[in-house]
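Those letters in the sequence shown? Residues 17 to 787, by my numbering. Backbone N, C-alpha and C define an ideal beta-carbon position, used for all residues, glycine too.
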Amino acid sequence: MTSRNGSRANRNANGKVDRWHDTYCPYCGVGCGLRVGVSNGKVAKVRGNPDHPSTLGDLCLKPIHLPGALDTPDRIREPLMRANGRGMGMGTPSADTGFQSVTWEKATTYIAEKLKHIIEEHGPGAVAFYGSGQFTTEDYYVANKLLKGFIGSNNFDANSRLCMASAVAGYVTALGSDGPPPAYEDIDHADCFFLIGSNMADCHPVLFNRIRRRKKSDPENVKIIVVDPRETRTAAIADLFLPIRPGSDVALLNGMMNVLCSDGKVDQAFIAEHTSGHEELLDTIGMFPTEAAARVCGIDESDLIQAARLFGDSHGVLSFWSMGLNQSVNGVAKNQAVINLHLATGQIGKKGSGPFSLTGQPNAMGGREAGGLSHLLPGYRTIANPTHRQEVEQFWGTPEGRIAPKPGLAAVDMFDAAARGEVKAMWIMCTNPVVSMPNIDVIEKAMSKLELLVVTDAYHPTDTTQYAHVLLPAAQWSEREGVMTNSERRITYLPRMVEPVGKAKPDWRILADVAAAMGFAHDFEFESAEDVFNEFTQLTKGRVCDYSGVSVGRLKAEGPLQWPVPGADHPGTARLYSSLHDGRSTQPGVENSAGDGRDAKAAAVFATADGKAKFNTPEFVPPAELPNRRFPLLLTTGRLRNQWHTMTRTGKSESLMKGAREPFLEIHPVDAVRRQIEEGDVVEIRSRRGRVWAKARVTEKIREGACFMPFHWGRLAGRFDAANNVTLAEVDPISLEPELKACAVEVRLRPGYEAIRATKLFQGLAKAIKR
Ligand SMILES: Nc1nc2c(c(=O)[nH]1)N[C@H]1C(S)=C(S)[C@@H](COP(=O)(O)OP(=O)(O)OC[C@H]3O[C@@H](n4cnc5c(=O)[nH]c(N)nc54)[C@H](O)[C@@H]3O)O[C@H]1N2
Ligand SMILES: Nc1nc2c(c(=O)[nH]1)N[C@H]1C(S)=C(S)[C@@H](COP(=O)(O)OP(=O)(O)OC[C@H]3O[C@@H](n4cnc5c(=O)[nH]c(N)nc54)[C@H](O)[C@@H]3O)O[C@H]1N2
Ligand code: SF4
Ligand SMILES: [Mo]
Numbered sequence: 017m018t019s020r021n022g023s024r025a026n027r028n029a030n031g032k033v034d035r036w037h038d039t040y041c042p043y044c045g046v047g048c049g050l051r052v053g054v055s056n057g058k059v060a061k062v063r064g065n066p067d068h069p070s071t072l073g074d075l076c077l078k079p080i081h082l083p084g085a086l087d088t089p090d091r092i093r094e095p096l097m098r099a100n101g102r103g104m105g106m107g108t109p110s111a112d113t114g115f116q117s118v119t120w121e122k123a124t125t126y127i128a129e130k131l132k133h134i135i136e137e138h139g140p141g142a143v144a145f146y147g148s149g150q151f152t153t154e155d156y157y158v159a160n161k162l163l164k165g166f167i168g169s170n171n172f173d174a175n176s177r178l179c180m181a182s183a184v185a186g187y188v189t190a191l192g193s194d195g196p197p198p199a200y201e202d203i204d205h206a207d208c209f210f211l212i213g214s215n216m217a218d219c220h221p222v223l224f225n226r227i228r229r230r231k232k233s234d235p236e237n238v239k240i241i242v243v244d245p246r247e248t249r250t251a252a253i254a255d256l257f258l259p260i261r262p263g264s265d266v267a268l269l270n271g272m273m274n275v276l277c278s279d280g281k282v283d284q285a286f287i288a289e290h291t292s293g294h295e296e297l298l299d300t301i302g303m304f305p306t307e308a309a310a311r312v313c314g315i316d317e318s319d320l321i322q323a324a325r326l327f328g329d330s331h332g333v334l335s336f337w338s339m340g341l342n343q344s345v346n347g348v349a350k351n352q353a354v355i356n357l358h359l360a361t362g363q364i365g366k367k368g369s370g371p372f373s374l375t376g377q378p379n380a381m382g383g384r385e386a387g388g389l390s391h392l393l394p395g396y397r398t399i400a401n402p403t404h405r406q407e408v409e410q411f412w413g414t415p416e417g418r419i420a421p422k423p424g425l426a427a428v429d430m431f432d433a434a435a436r437g438e439v440k441a442m443w444i445m446c447t448n449p450v451v452s453m454p455n456i457d458v459i460e461k462a463m464s465k466l467e468l469l470v471v472t473d474a475y476h477p478t479d480t481t482q483y484a485h486v487l488l489p490a491a492q493w494s495e496r497e498g499v500m501t502n503s504e505r506r507i508t509y510l511p512r513m514v515e516p517v518g519k520a521k522p523d524w525r526i527l528a529d530v531a532a533a534m535g536f537a538h539d540f541e542f543e544s545a546e547d548v549f550n551e552f553t554q555l556t557k558g559r560v561c562d563y564s565g566v567s568v569g570r571l572k573a574e575g576p577l578q579w580p581v582p583g584a585d586h587p588g589t590a591r592l593y594s595s596l597h598d599g600r601s602t603q604p605g606v607e608n609s610a611g612d613g614r615d616a617k618a619a620a621v622f623a624t625a626d627g628k629a630k631f632n633t634p635e636f637v638p639p640a641e642l643p644n645r646r647f648p649l650l651l652t653t654g655r656l657r658n659q660w661h662t663m664t665r666t667g668k669s670e671s672l673m674k675g676a677r678e679p680f681l682e683i684h685p686v687d688a689v690r691r692q693i694e695e696g697d698v699v700e701i702r703s704r705r706g707r708v709w710a711k712a713r714v715t716e717k718i719r720e721g722a723c724f725m726p727f728h729w730g731r732l733a734g735r736f737d738a739a740n741n742v743t744l745a746e747v748d749p750i751s752l753e754p755e756l757k758a759c760a761v762e763v764r765l766r767p768g769y770e771a772i773r774a775t776k777l778f779q780g781l782a783k784a785i786k787r
């Protein structure tokens, strides 16, 4: 009864829905398949799509509330420009409406002329684009093609820099290529889950439910280890919970490796045939006796040893991780240290096993494949590689040498350069950096320094749109078609289900129009998103992330496909590196050794020079800012179950807002008592960079010495509501991902709050006496 081609007539009794479409969730990287009911030209109902192979109809609360958030009064309906061409200065009131509506033609011409002028005067390096893992693959592709291939600036970066960059670097340095090896179906086969730095229960709920079902199906034999400084809802299902000190993961992981080695729980044959660097690793690991490692982590040595034994004794271990590892100055090493555990035990490429880094955003994965960071080119190519640059230049038909040989600016550096006046023009699309970047003071400074700030968003005002000189209306989810790829490498087509509000257009289309206005019309002649996708897939042919067998037609007819899909009749690939275990090398992008006279089992499987995965020697580096007498607590930041990032959509739902209407701080009772802080008090959290106010939640679920705050609120909500007022922009030296999970703070009652508390106390007493 269901056709997968995006639409079907409604045959059930629900008279209100005119038609149903199969699509994909615009929120997290689980990438659930949705079935969406449209009524009178509006999205009316959101359900799970039981035919989507990744999630089989499961979904969480967030997308169910999308209908009320899509066509709201604060949607941008037309292109807007400042009357005087200037943006707001710092500290200008937020509800400013000094915008005039203009035609698309006027906005596009203005942007193109202004960009050309800035490039002539200051060179292409003065231009930067900042995009998003919520882009479609087509948006990513066109933005990168324009900036890197035609303007000649590599300054395209995305919010994925704050998110996945450490995972990308971890995979590349260990396996020779990016790309998470396992699939979701491995959950049903694993007997050990190692969840580290990930609050899956709140942030990847549908996958978490699948793990929970697996545990329930065999509670005795399936073991779950959770590593997090906070006792989250994820920790509630753990057999072993390790509440480590923020930032101490490498010590833990190296300590576990030590146990595996000394217990003889490693797979010697696998190590010998398929890996390099194990000897060097052993030398470093020797420096992590379990006792010292446990001390660094602030946990019992016996717990560390038990974690290693659960890992080493299992048949299939799946590790899941996300921001607790990635957002750290030690982020790449943390990724490498997890992958090492899998290489040492041969727990990769086989059913029920593997190192699985979770993507945060719905298309963070597609962005990686489209080359959506400042050091990447499409098809898992890199800027630094001259052959890769040449291949892409030839394909794009752009002059040789047009792609600049050096990686562009990564997010933190990009905004710093703008604040210094070096980057003159910035185009921000599909992200809200004035809330989500660390140390907002610097970001605000950058915003007000720019000569040209173009922002494309669906809503206004946001913390970022209020600074724009030119504000462009984006057609958002449901109003534009495109392709996205989820955490398990599965590619889903999203149909356009309703008309865009007002004059809104898809991001890729706006970019292509500006490209044409700059004089590149011939190279951006895309009629549809499908045209863009078809061009992109050709650039992946023969690469590890091979999409060459994928077409929009196929996705509509057959449903979602998992890359690599190296041919039009190839069914897609559940698991990377599976040939490790069956003696055949079928990994695309890598030599197949069949017939070359070598032992098939020792075939080159990984995309490294010698075909072997590499043990790196991750070194423990403590957080950039350690507690001291002035700032004695370590603040970590993160997410809430019912909110999405800067709340431009989830914040519009009354039921999603329930339970968390204002910023709060989780603090341990011992730390609270020391500061005379009680449950519900409004506190001020100060760091070297700024301050933020929040309601205290006194709880033993956070480690003593640490505290936690969600980062969803920005300054538009209240000047002192933004967690990123206090965070620091120190980055991992390899991935350039900022340390959003640890900064030194002090907490006290908010100045002036004591009087309020006294009054409250008095009123309470008065009430009690009356009764
Ligand atoms: N509801 C909801 N879901 C989301 C999102 C959302 O905004 N809301 N956003 C999506 C996106 S883009 C992302 S990136 C993912 C993020 O998904 P997660 O990474 O699961 O979410 P976070 O809350 O950022 O952080 C995860 C955990 O890391 C822990 N942590 C902090 N410091 C450390 C440390 O040093 N070591 C370890 N081991 N753990 C530490 C925190 O206590 C927290 O529980 O979620 C996605 N899903
Ligand atoms: N302190 C702290 N800070 C963090 C993190 C943390 O854990 N702690 N996590 C970081 C991470 S992992 C991430 S991913 C970021 C996320 O941070 P952001 O990307 O800044 O957050 P979003 O609210 O998702 O921003 C998306 C914006 O795009 C708009 N939008 C929606 N659909 C479309 C569309 O189709 N086109 C266009 N052009 N716009 C659209 C939305 O209205 C919204 O304004 O935050 C980072 N910041
Ligand atoms: S788990 Fe993620 S992808 Fe699935 S419905 Fe929830 S937010 Fe959407
Ligand atoms: Mo993210």
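So, with DSSP's three-state summary, where would you put residue i?
i	result
MET106	Annotation note: pLDDT 37 at MET106 (below 50); position unreliable, coordinate value reported separately. In this structure, MET106 counts as coil in the three-state DSSP scheme.
TYR146	strand
ASP265	helix
LYS617	Bear in mind that a pLDDT of 42 at LYS617, under 50, signals an unreliable position, so the number given afterwards is only what the model happens to contain. Reduced to three states, the DSSP call for LYS617 is helix.
THR39	strand
MET725	strand
ARG525	helix
ILE772	helix
TRP579	coil
MET513	coil
LYS58	strand
PRO799	Nothing about residue 799 can be reported from this structure: the residues present for the chain run from 17 to 787 only.
GLN659	coil
PRO754	strand
ASP473	strand
Of the choices the options, whose alpha-carbon is the least far from that of residue i?
i	options	result
ALA360	ASP429, ASP283, GLU317, ASP319	ASP283
LEU191	PRO423, MET216, ILE364, PHE431	ILE364
LEU469	ALA484, ASP457, ILE459	ALA484
ALA434	GLY213, GLU753, PHE151, LEU466	LEU466
ASP74	LYS572, ASP244, TYR200	TYR200
ALA197	VAL222, TYR156, LYS366	Sequence inspection shows Pro at residue 197; the Ala mentioned does not correspond to that position. Selected option, being the one with the closest Cα: LYS366.
SER494	ALA85, THR71, VAL46	ALA85
ARG92	GLU497, GLY424, ILE399, GLY518	One point to set straight first is that residue 92 is Ile, not Arg, in the sequence displayed. Per the Cα distances, GLY518.
ARG707	ALA123, LEU672, LEU744, ARG677	LEU744
ALA185	MET273, GLU317, ALA349	ALA349
SER344	MET725, SER193, THR652, VAL568	THR652
LYS164	GLU416, LEU320, ASP547	GLU416
GLU753	GLY114, SER452, ARG246, LYS521	SER452
MET273	MET673, ALA288, ILE301, GLU295	ILE301
GLU720	GLU247, THR480, VAL499	GLU247
THR715	ASN171, GLY730, ILE683	ILE683
VAL222	VAL486, ASP626, LEU765, ILE203	ILE203
GLY368	GLY413, VAL238, LEU298, THR481	VAL238
(message) Using a strict less-than 6 angstroms threshold between each residue's beta carbon and the heavy atoms of ligand 4, what residues do you get?
(response) CYS179, GLY376, GLN377
(message) Within 8 angstroms, do at least three Cβ pairs link the segment 141 to 154 to the segment 169 to 178?
(response) yes
(request) Check whether the segment 266 to 277 touches the segment 355 to 374, taking contact to mean three or more Cβ pairs, one atom from each stretch, closer than 8 angstroms. (result) yes
(request) Could you tell me whether the segment 302 to 312 touches the segment 384 to 398, where touching means 3 or more Cβ pairs closer than 8 angstroms? (result) no
(message) For the segment 324 to 336 against the segment 158 to 172, do three or more pairs of beta-carbon atoms, one drawn from each stretch, fall closer than 8 angstroms, so that the two count as touching?
(response) no
(request) Could you tell me whether the segment 735 to 750 touches the segment 699 to 713, where touching means 3 or more Cβ pairs closer than 8 angstroms? (result) yes
(message) Does the contact criterion of 3 or more C-beta pairs under 8 angstroms hold for the segment 396 to 407 versus the segment 630 to 645?
(response) no
(request) Count the C-beta pairs between the segment 133 to 144 and the segment 437 to 451 that are closer than 8 angstroms, then say yes if the count reaches three, no if not. (result) yes
(message) If we require 3 or more residues per run, which beta strand (DSSP E) segments fall completely within the segment 252 to 305?
(response) 256 to 258
(request) Could you pull out every unbroken beta strand (DSSP E) segment of at least 3 residues lying fully inside the segment 671 to 743, listed in chain order? (result) 680 to 683, 698 to 702, 707 to 714, 722 to 726
(request) Write down every uninterrupted run of the alpha helix (DSSP H) in the segment 331 to 385 whose length is 4 residues or greater and which is fully enclosed by it, in chain order. (result) 339 to 342, 347 to 361, 380 to 385
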